[in-house]
């Protein structure tokens, strides 16, 4: 059955396990493709340009903004992040769904642009203490950066009610199963089954 | 996490496979309970009062209507069918979800009563020809009854756009999986997670 692609937003505070779940989802579901954001922040060790982000300088980012090349964009800390429009349109045109790794501001902007036809999933850590432990265990950030992330996490969590689904990641396998179930169900929504009208018309014709 | 129960409507033309799916769902999911309708039609061989229907006479049905004991009720062919309110309230109070085997009219009434907080799933046969074959193969109905069912089926199918999800039952196992996935995802909706507010409040308190 022909259907309209799902715009699938996965948000969470840094350290709540979103990246692990997104990676697994993309690996196991060939109908889902990642929307790779553009950013002005520096590339980190292990990151790949075009896979993790499109790394651009401030001048290029500003040009993209003025050329309306972004579906949504925002300032986070000292950097800019944006969702290139063309990429999303290409994924949808190929009959696939788009995964967005964006925050509540991005989700809100996307929701408005898409006329509400967005699925927004928020992943919570089991507790703020556990989130702090995970950030410390990662050992990639200084204490000051961890403090900033914790403040930002609390701000993110306070926007939980801007999401359609809220999951607590106290078991990553279970949380992954829930995300997968949500995506599968959303694909089955009547409003996305654009092939149904024709199917039912021919069914009732005879 | 405490949550509000799902009002889960499964509709389909007679013969599209809904009963098989509903039975399997109830057997495998102890959090789902059936709303047993009351009806004025006669009991058929193999049916059990209180399990398949609450069989009542016309006088009793009318009394239930005047006492506002039905969430919704309707005339179908020469008989009356209604959903007793108390039973639904009891299932919800026990923290479970309610499965409704009702038609599009019932689904519409329930949708209005519940302020839109209903999940409506419609199961289509693969084709009207296949539906006819299945009704003939059942060998429980006369030709005249089968004709009436086919007319009613076409009328039912024409209301497909009053449902949140529409599934084609060309493979009963796959169709069952889809129904199960929808129910699981709907349980995860933020709007039904009534325990979330408290969880997040205590999370952000410290």
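Residue numbers (full-length UniProt numbering), protein chains in the order written: chain W, 1 to 206; chain B, 1 to 206.
Backbone N, C-alpha and C fix where the C-beta goes; we use that ideal spot for every residue, glycine too.
Quick caveat: nothing in here was measured; it's all calculated off a predicted structure.
The Cβ-Cβ distance between residue 169 of chain B and residue 124 of chain B falls below 8 Å.
For residue 154 of chain B, the uninterrupted alpha helix (DSSP H) run begins and ends at 143-157, by DSSP. Between the alpha carbons of residue 200 of chain W and residue 47 of chain W lies a gap of roughly 48 Å.
By alpha-carbon distance to residue 182 of chain W, the top candidate from W/59, W/19, W/97 and W/68 is W/97. With a threshold of 8 Å between beta carbons, residue 175 of chain B makes no contact with chain W. The three-state secondary structure of residue 161 of chain B, taken from DSSP, is helix. Put simply, the backbone Cα of residue 178 of chain B is about 10 Å away from that of residue 165 of chain B. Each residue's CA atom was taken as its position, placing residue 66 of chain W and residue 89 of chain B some 56 Å apart. Within its own chain, the residues whose Cβ lies closer than 8 Å to the Cβ of residue 19 of chain B, once the five positions on either side in sequence are excluded, are 101, listed in chain order. Under the three-state reduction of DSSP, residue 69 of chain W is assigned to coil, being neither helix nor strand. Contact of residue 81 of chain B with chain W is not assigned, every C-beta pair being separated by 8 Å or more.
Boundaries of the alpha helix (DSSP H) harbouring residue 182 of chain W: 172-187, taken from the DSSP string. With a contact defined as Cβ atoms closer than 8 Å, residue 92 of chain B and residue 162 of chain B miss out at about 23 Å. Residue burial is scored here from C-beta neighbours: residue 119 of chain B has at least 16 other C-beta atoms within 10 angstroms and is therefore classed as buried. Straight through space, the alpha carbons of residue 197 of chain W and residue 51 of chain W are spaced by roughly 38 Å. In the structure shown, residue 2 of chain W falls within a coil segment according to DSSP collapsed to helix, strand and coil. Considering only beta carbons, the part of the stretch 117-140 of chain W lying closer than 7 Å to chain B consists of 127 and 128, in chain order. Leaving aside the five residues that flank residue 17 of chain B on each side, the residues in its chain whose CB is nearer than 7 Å to its CB run, in chain order, 123, 169, 172 and 175. In the structure shown, residue 46 of chain W adopts coil according to DSSP, grouped into three states.
Each residue's CA atom was taken as its position, placing residue 153 of chain B and residue 193 of chain W some 21 Å apart. 8 Å or more divides the Cβ of residue 7 of chain B from the Cβ of residue 22 of chain B.
At a cut-off of 8 Å between beta-carbon atoms, residue 181 of chain B makes contact with chain W. Here residue 84 of chain B is bridged, per DSSP, to B/70. For residue 97 of chain B, the pairing in a beta bridge is given by DSSP as B/32. When 8 Å is used as the limit between beta carbons, residue 189 of chain W is near these residues of chain B: 164 and 165, in chain order. Boundaries of the beta strand (DSSP E) around residue 9 of chain B: 7-11.
Of all residues in the stretch 2-21 of chain W, none comes within less than 9 Å of chain B when Cβ atoms are compared. Between the alpha carbons of residue 58 of chain B and residue 70 of chain B lies a distance of about 14 Å. If you look at residue 200 of chain W, you'll find it in the alpha helix (DSSP H) that goes 196-205. For residue 32 of chain W, the closest Cβ of chain B is not nearer than 8 Å.
Between residue 204 of chain B and residue 56 of chain W, the C-beta spacing is not below 8 Å. The three-state reading of DSSP puts residue 40 of chain B in coil, since its state is none of H, G, I, E or B. Under a criterion of Cβ atoms nearer than 8 Å, the residues of chain B adjacent to residue 160 of chain W are, in order, 190, 196 and 200. Only residues of its own chain outside the window of five on either side were considered, and among them 13, 15, 16, 125, 150 and 153 have a CB closer than 8 Å to the CB of residue 131 of chain B, listed in chain order. Residue 193 of chain B belongs to the set of residues whose beta carbon lies under 8 Å from a beta carbon in chain W. From the beta-carbon of residue 184 of chain B, the residues of chain W found nearer than 7 Å are 181.
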